[in-house]
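Enquirer: Protein chains in written order, with this note's numbering: chain A, 1 to 884; chain B, 1001 to 1231.
A virtual CB, placed ideally from N, CA and C, is assigned to each residue, including glycine.
#1: Looking at residue 738(A) and residue 842(A), is the spacing between their C-beta atoms short of 8 Å?
#2: According to DSSP, is residue 345(A) helix, strand or coil?
#3: Quick one: using the 10 Å Cβ neighbour count with 16 as the cut-off for buried, is residue 250(A) buried or exposed?
#4: By DSSP, does residue 820(A) sit in helix, in strand, or in coil?
#5: Buried or exposed: where does residue 44(A) fall if 16 or more other Cβ atoms within 10 Å of its Cβ makes it buried?
#6: DSSP on residue 152(A), reduced to helix/strand/coil?
#7: So the candidates are 308(A), 53(A) and 37(A); which of them puts its Cα closest to the Cα of residue 145(A)?
#8: Counting only Cβ pairs nearer than 8 Å, list the residues of chain B close to residue 753(A).
#9: For residue 482(A), count neighbouring Cβ atoms within 10 angstroms of its own Cβ and tell me buried if that reaches 16, exposed if not.
#10: Can you look up residue 1096(B) in the DSSP assignment and give me helix, strand or coil?
#11: Within the continuous beta strand (DSSP E) that includes residue 180(A), where are the two ends?
#12: Excluding five sequence neighbours on each side, which residues of the same chain lie with their C-beta closer than 7 Å to the C-beta of residue 52(A)?
#13: Can a CB atom of chain B be found closer than 8 Å to the CB of residue 315(A)?
#14: For chain A, find out if any of its Cβ atoms is closer than 8 Å to the Cβ of residue 1078(B); answer yes or no.
#15: Tell me whether residue 124(A) sits in a helix, a strand or coil according to DSSP, three-state version.
#16: Just to confirm, is the Cβ distance from residue 848(A) to residue 871(A) under 8 Å?
#17: Got a sec: which bits of the region 1003–1025 of chain B sit with their beta carbon under 9 Å from any beta carbon on chain A, in order along the chain?
#18: Is there at least one Cβ from chain A nearer than 8 Å to residue 1214(B)'s Cβ?
#19: Distance check for residue 515(A) and residue 236(A), CA to CA, integer angstroms please.
#20: Report the partner residues of residue 1085(B) according to the DSSP bridge assignment.
#21: What span of residues does the beta strand (DSSP E) with residue 858(A) cover, start to end?
#22: Just checking: is the beta-carbon of residue 1159(B) within a distance shorter than 8 Å of some beta-carbon in chain A?
#23: With C-beta atoms as the reference, is residue 436(A) less than 8 Å away from residue 490(A)?
#24: For a test of the three-state rule: what should DSSP assign to residue 909(A), helix, strand or coil?
#25: Starting from residue 1195(B), find everything on chain A with Cβ-Cβ shorter than 8 Å and list it in chain order.
#26: Please list, in chain order, the chain B residues whose beta carbon lies closer than 9 Å to that of residue 680(A).
#27: Report the residue from 1172(B), 1225(B), 1199(B) and 1188(B) whose alpha carbon sits nearest the alpha carbon of residue 1217(B).
#28: State the DSSP-derived secondary structure class of residue 471(A), mapped to helix, strand or coil.
#29: Would you give the residue range spanned by the beta strand (DSSP E) that residue 409(A) belongs to?
#30: Using 8 Å for Cβ pairs, my map puts residue 707(A) next to residue 724(A). What's the rounded Cβ distance?
#31: Give the straight-line distance between the Cα atoms of residue 324(A) and residue 566(A), rounded to the nearest whole angstrom.
#32: Measure the alpha-carbon distance for residue 216(A) versus residue 163(A) and round it to whole angstroms.
#33: Can the beta-carbon of residue 427(A) be found closer than 8 Å to that of residue 374(A)?
#34: Does the region 1208–1228 of chain B touch the region 738–747 of chain A, meaning 3 or more C-beta pairs lie closer than 8 Å?
#35: Alpha carbon to alpha carbon, what distance is there between residue 580(A) and residue 124(A)?
#36: Pull up the distance between the alpha-carbon of residue 393(A) and that of residue 476(A), whole angstroms please.
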């Protein structure tokens, strides 16, 4: 049982997602009104001016002034991006220049009239999709919208005003808006403005005042707008509760299901459910049960449109093939934990309903158990009789009709020939057999034709009195009636069987294709193999060609065509693919984004990670039904997973190789190090045990020099091979300096070496061994390059301002020559080649070690004379030490 | 302590014959008896059968890593072990010390230093009994009364400072790794928090050293740990 006082984890997660999404997305502000003319554009421009005056980076991308002067005046002084001109049917039309705005990347952009439909040839079909892309790019948008353009209210508005609304904006867009400002005016005020000519100019004003802007219409629209705003405030309050967890409300986890069919009425049903889902803050599913009854092309189109609408309104789409609609709806509802089912009021015939065991609503209610069922009334029927649907569904090829005709004709001839032996009753059985057999080969129409023709022919030619349609005997009449019915039913049944079989085969094919691809992905040794397989499957299933775009390894963010493609994408198509890849959304043909493209493009998403894009190019007249789109999406997922797996494998391989090579390198280095150092150790240790003498001192000096050289060479090798692994630890700079001082005692013995180490030095996070070596190299350098009388000062300190800790080796020797300073830390650079030995590696190593720590070294002359070498390391602050 | 009839015996485990010979010469010259083993397995057998007084173990052995030899040895023996390593093997060195090695010496090493380390190790073994007090420089520590005096006046130490002082002094001459000190004083969870040590060591030096920036007693073994040294 869930604890009623605990917040629902799903709701919390959703809340976190919302705030995460908001971090990167631009903010959307909508100026919302009941009708044109209430002053939305005006209010929006005022807000824009205010933002501009506050110094925000704002541009006007699109404003419709409709010739209104007061609006025009507000535009003055605001930066404007000119519209993109698009040629359409001989004229040039201006549209929002999306590319220009994206390239300009302002903080805030003004885009008027969210519901506008773009000129064909623009990137997106609708302006709200442009805005969506701007938001996704992190640009804030302010815009305007009238209530009649809201998808879920479009029906209501049509009922109120009698005007059909074609330009709609999905509700999700408004729900995702960060701020909605209602621009309100009373109907009387608005009508006054219209008659004054402030909204429409000239004659249009009078016409408008009489039609759309009737007081009754305006009152209803105003109520709609106010109510929507109120609902939103209510929802914001709820969100606030979730975010702040003010007395967490346990919510029931409502989930809605709407049954969608191939009916124009379904759109209403979908919008109704959508409104309800929003009010309940619940997710919803749109379910289509594919019954065996075949659909006409128009019906199929209608169904696709309905499902597309549901998808656009954020429903989850489920398509299940089954004969039993009610049973399937309940099953899907239970699987998805649905709490409420929405269906339309049946408009089928009462007789059929009786035969089926009640209308859909009756059957659903009987079986739905705990689930609520809403039955939403349909609108009046619009023509199309059942009969027309029935016949329309049986469109068959002319060839089949000819076959049916010839069969009946041939059979009649044969019947005439054998009638003498069999009698006329048996002839009916021949006809019946022929009709049943025909059913196996031809469609419903020809069967009907054959059944009718054979019934008539039998009556006319065989039932006495022959050569008339009259039937004298009662049993002949009965025979004729039964024959006709059996022939009809058989024809219909076999036809349906065939249709069912065909659907089954298609489904089977889809399942097989997906299965084969999945298997191919699982066993494929390379992504190439997977892609080639996918291309073949797409060709076979859809008669379409496939192109796969993968991320260019050389230029991240750019796509390259994979060689397994079966069509060559031109630059424009490549552009569509790139858009898909960047926006993680489908584009191209059959979509609202760049619909003029030749191909349909899907992003290849492996989890959150987009690895490329997939293009499908169907034959010119092809369509893309929901089921096929679903299959393509599954294909895309499989391909994406395969590509991603390939990528991971490659990364792993590279890592393994580099590890192997590093191991080899290390072994070699260790070996060389050991071989060089062992004899040196023996010499050095042996020399120490010898009695002191001038020659022994020479041996010791030479050994030390050799040791230094070997160490430097090995250090340099480690640096150069990139195999330096820092073992960082918090170190006291004073300790490091003291240790370096002790390690170089042999070099500076007899000199004046001072340390200036203030108390309270901050710690540095460093590899003690390396920094100590770097310091030792600096000390050694000072000893070599100064006369033996020069003093050396070791000091350390911190510079809070530049976040650095420094450690310094200074001397009071002759100082650095200016021409040397730039090259001092170069490898093999020797300050005075003539005088001293050494390879010139010490300083270079010191610099390498410092840089490996994210620090640097500096060499310069002191104001008072002498050189100073300083190591700078980043100043970090360790976690505080717990008090005792 | 190197007097007859039983001078201490040292087992040298090193694969380099020259190093073994060098060690033998140095050690025998100082009066030790020496045994040699040329790899880890032989070394372990020698250590078990001949029971030497101390072991000198090279970290780079052909058959077993030196650290492995040490771990196996420590399963049954507390024999003092001196690690021989080359520069660049800091990680191995620390691991060896954490695993129970008593001290380390970096190649190349001087004979004098080797003998000093070896003697210090052996001395610690012989004087394992509890001490009630220690004095160094002008500092006197009375463990029984938990009192620390410097130049005749009492020094106030926090419990952690006292703990650190006691740990180092009781193991005088020996390197204690950062990890060992942190685990002992702050518990296993603080093993990586070397900054604690730096801070407390600074306090301790300021209170007990004559010149805290040039510490004489509390010596830093760079990147490894600390060593208390009376010399």
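Expert: With the structure as the only source:
#1: no
#2: coil
#3: Bear in mind that the predicted position of residue 250(A) carries a pLDDT of just 36, short of 50, making it unreliable; the figure below should be weighed with that in mind. Residue 250(A) is exposed by the Cβ-count criterion.
#4: Taken through DSSP and simplified to helix, strand or coil, residue 820(A) comes out as coil.
#5: buried
#6: helix
#7: 37(A)
#8: Within 8 Å Cβ-Cβ: nothing; residue 753(A) doesn't reach chain B, min ~11 Å.
#9: exposed
#10: helix
#11: 179–182
#12: 58 and 78
#13: Put simply, the CB of residue 315(A) is far from chain B, with every gap to its CB atoms at 8 Å or more.
#14: no
#15: strand
#16: no
#17: 1016, 1018, 1019, 1021, 1022, 1023 and 1025
#18: yes
#19: 45 Å
#20: 1106(B)
#21: 856–861
#22: yes
#23: yes
#24: Past the boundaries of the shown model lies residue 909(A); chain A is included only from 1 to 884, so the question cannot be answered.
#25: 730, 763, 878, 879 and 881
#26: 1107 and 1108, listed in chain order.
#27: 1172(B)
#28: coil
#29: Premise fails: residue 409(A) lies in the alpha helix (DSSP H), 398–422, not in any beta strand (DSSP E).
#30: Actually they are not in contact, since the Cβ atoms of residue 707(A) and residue 724(A) sit about 20 Å apart, beyond 8 Å.
#31: 41 Å
#32: 14 Å
#33: no
#34: When Cβ pairs closer than 8 Å are counted between the two stretches, the region 738–747 of chain A is seen to touch the region 1208–1228 of chain B, the count reaching three or more.
#35: 12 Å
#36: With a pLDDT of only 42 at residue 393(A), under 50, the local geometry of the prediction cannot be trusted, and no value is derived from it.
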